[in-house]
Structure formats: C-alpha cells, structure tokens
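Peer 1: To convert, note that position 190 of the sequence shown is 189 in numbering that gives the first Met the number 0; the numbers rise steadily by one, no gaps. Positions of the beta carbon are idealized from the N, C-alpha and C atoms, including for glycine. If you scroll down you'll find the structure; I have some questions about it.
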Amino acid sequence: MKQKVFLILVAGFMLFSGAVQAQDKKYPEQEPMTHAMSEFWLPRPNAVTPGSIVTNTAPSDAIVLFNGKDLSAWQNMKGEAARWDVHHGVMTVVREAGSIRTKEEFGSFQLHLEWYVPRAASGEKQSRGNSGVYLQGIYELQIIDDYSEETYANGMAASIYKQTAPLVSPIRKPGEWNVYDIIYTAPVFKEDGTYLYRPRVTVLFNGVLVQNNTEIRGTTPYVGFPRVVKHGDGPIMLQSHGDPVSFRNIWIRRL
Ligand code: MG
C-alpha cells in the first residue's frame, strides 16, 4: 500500500515538473506572414482548349439564383439590396457596391454559373478580372483572367484559393464566357470546432474536370494559411475585387 502511494506521489511530481518545464520553454518567434508565403507558381497546370460551350439552363428542381432579370435572390454583405449592374441578361460587379451573397443559405449543393471578363480588361496578376465564388460564404473558388496574365498556380481560375491549383487550365480568353459546374459537400464539425469531415468540392471548368473531390483545408485568406472556422449552412457569395466581371445563368440544386 505504502509503495503504491509512493509511486503515485512520484508520478504526480514528474507530471508537475513536466508542466513547469513546458511553461519555461522558449519557442522561436514566428516571422510575420506575407501574401507571397502561401503562393506557389510551380507546378503549373497545363493549358487545355475546352470544347464548345455548354450553357445548361436550370433543371426543374433547381433554385434559380439569377435568370438575367434582377438581383432579387441577392443582397450585399450588410443584408441590403444588391447594387450590381444588370443589363442584357447579365449582372456585373460594381466596385463600390462590394461583394454580394444569396439571401438563401445552403449546405451541400450543385451550382452552375457562367462568368465573363471583358476583352478590354486591364490590370496585372491578381488585379485582372478577379472575382470569386465563396462556397457557404467561406471557401473561395477563384475567378480570374489568368489567360492573358499569369498568376501563381494556387491563385489561378478554379483554384481553391491559396490551397489547390486546378488540375489543368481550360480557361477561355477575355470576351468569351466561362462555365463552372460545382459539386460541393459541406463539412461536418466535431464539438470542439475542428473538422470531422472536411468540405469537399468537384469542379468542371468549361466541361473539363479541374477539382476532383478536392478536400478543402479551411478558410482561403490572401495572407496566411487556412484556418478552421466552425459554421453551418451559408450563402453563395460572389466577390467584388473591383474588376468588372460579369455573370449569367446561375442556378443551384440542394443535395
Ligand atoms: Mg478572387
């Protein structure tokens, strides 16, 4: 019995001294992050010429998010009316109006949208035809004109921004429509706020597979690495990066 008590005391002391040592231990300071630290340029996805455009109109069980007429399905980030330009069946980013998001929120879904960068687009690298589709309002699938101006591979069109480059690059040139078909599976969280199952996404870009059940590792910030943030259903958000990117034929099916 005495021996047992002694062993427990020794074990307790060892644990206590371990804790003290851990507290005293000095770890190196971390360098401040810059945006360039999370960019990679190689390997570069190969260019692929897509086939003829597939403009699927909405199937009967889809929710039409933009039918070419109005922005009634959308609001700005403050929950006010969305003030992007709507003309000729197309909606276009208005810089001052900021990003917009759907009024409805979604879990897993199939999303179709078409996007367009004008032929006269200007700007360099990430400032050329930049927008983005935020899945559940959190994870950015990049939209950008990297046809005319190279950018880092994990910031190209159809990249999971700053995470996963597209498998290939079937982008069409400015002045032509591009099509995204996105199949997204929402994450499941543990009670402690970490992922039990990470979000996953499959993307067809102009009919070509570019993300194949890709695991999303967390948020998609410009500076820094992915962070895991617990969330429930969320909107589809379209980014205003200040560039006049246009959209048409947007519909979604809940899964
Ligand atoms: Mg973007």
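Does the Cβ-Cβ distance between L64 and I251 come in under 8 angstroms?
Peer 2: Yes; because the gap between Cβ atoms is below 8 angstroms, this pair is in contact.
Peer 1: DSSP three-state call for D180: helix, strand or coil?
Peer 2: Reduced to three states, the DSSP call for D180 is strand.
Peer 1: Inspect the beta-carbon positions of S59 and G223 and report whether they are closer than 8 angstroms.
Peer 2: Not in contact: S59 and G223 (Cβ atoms no closer than 8 angstroms).
Peer 1: If you compare alpha carbons, which of I52, D242, R247, V92 is closest to E123?
Peer 2: If we check each option's Cα against that of E123, D242 comes out closest.
Peer 1: Return the residue from the list N211, G192, V89, F204 that minimises the CA-CA distance to K229.
Peer 2: That would be G192, whose Cα lies nearest to the Cα of K229.
Peer 1: Is the stretch 232-241 in contact with the stretch 86-94, if contact means three or more CB pairs nearer than 8 angstroms?
Peer 2: Cβ pair count under 8 angstroms is three or more, so yes.
Peer 1: Check this for me: beta carbons of T255 and R171, under 8 angstroms apart or not?
Peer 2: What is shown of the chain runs 0 to 254, which leaves residue 255 out entirely.
Peer 1: Using the Cα positions of Q135 and E104, report the straight-line distance between them to the nearest angstrom.
Peer 2: Cα to Cα, Q135 sits roughly 7 angstroms from E104.
Peer 1: Does the Cβ of Q162 lie closer than 7 angstroms to at least one heavy atom of the ligand MG?
Peer 2: No, Cβ of Q162 sits at least 7 angstroms from all heavy atoms of the ligand MG.
Peer 1: Among all residues, which have a Cβ less than 7 angstroms from at least one non-hydrogen atom of the ligand MG, and in what chain order do they fall?
Peer 2: Selection output, chain order preserved: N129, S130, G131, E139, Q141, I142, I143, Y160, Q238, H240.
Peer 1: Considering just the uninterrupted stretch of the beta strand (DSSP E) at T91, what are its terminal residues?
Peer 2: That run of the beta strand (DSSP E) goes 89-91.
Peer 1: Using a Cβ-Cβ cut-off of 7 angstroms (strictly less than) and excluding sequence neighbours within five positions of S98, which residues of its own chain qualify?
Peer 2: Hits under 7 angstroms: M76, M236, L237, Q238, S239.
Peer 1: With L164 and I143 assumed to form a contact (beta carbons below 8 angstroms), what rounded beta-carbon distance in angstroms separates them?
Peer 2: Per the sequence shown, the amino acid found at residue 164 is Ala instead of Leu. So it is not a contact: roughly 12 angstroms between Cβ atoms.
Peer 1: Determine the DSSP secondary structure at Q125, reduced to helix, strand or coil.
Peer 2: The answer is helix: DSSP assigns Q125 an H, G or I state.
Peer 1: Taking the beta carbon of E139 as the centre, do at least 16 other beta carbons fall within 10 Å, making it buried, or is it exposed?
Peer 2: Counting Cβ neighbours within 10 Å, E139 comes out buried, since at least 16 surround it.
Peer 1: Do N248 and T54 come within 8 angstroms of each other at the CB atom, strictly closer than that value?
Peer 2: Contact: yes.
Peer 1: Taking V207 as the reference, give the member of P44, P49, N177 with the closest Cα.
Peer 2: Looking at the Cα atoms, P49 is the closest of the given residues.
Peer 1: For H34, collect the residues of the same chain with a Cβ closer than 8 angstroms to its Cβ; drop the 5 residues on either side in sequence, then sort them by chain order.
Peer 2: Hits under 8 angstroms: Y221, V222.
Peer 1: I'd like to confirm the pairing. Which residues does DSSP put opposite S245 in its beta bridges?
Peer 2: According to DSSP, S245 bridges with T91, Y115.
Peer 1: Consult DSSP for A164 and reduce its assignment to one of helix, strand or coil.
Peer 2: Three-state result, A164: coil.
Peer 1: Could you tell me if S71 is buried or exposed, where buried requires 16 or more neighbouring beta carbons within 10 angstroms of its beta carbon?
Peer 2: It counts as exposed.
Peer 1: Does H34 come out as helix, strand or coil in the three-state DSSP assignment?
Peer 2: Reduced to three states, the DSSP call for H34 is helix.
Peer 1: Please tell me whether N212 and Y115 are closer than 8 angstroms, where the distance is taken between their beta carbons.
Peer 2: It is not a contact, given that the beta carbons lie outside the stated cut-off.
Peer 1: Going by the DSSP bridge assignment, what does E139 pair with across the sheet?
Peer 2: Y133, per the DSSP bridge assignment.
Peer 1: Taking the C-alpha atoms as reference points, what is the distance between R100 and H86?
Peer 2: Approximately 19 angstroms, taken between the alpha carbons.
Peer 1: D232: which of G67, W83, K102 sits nearest, CA to CA?
Peer 2: Answer by Cα proximity: K102.
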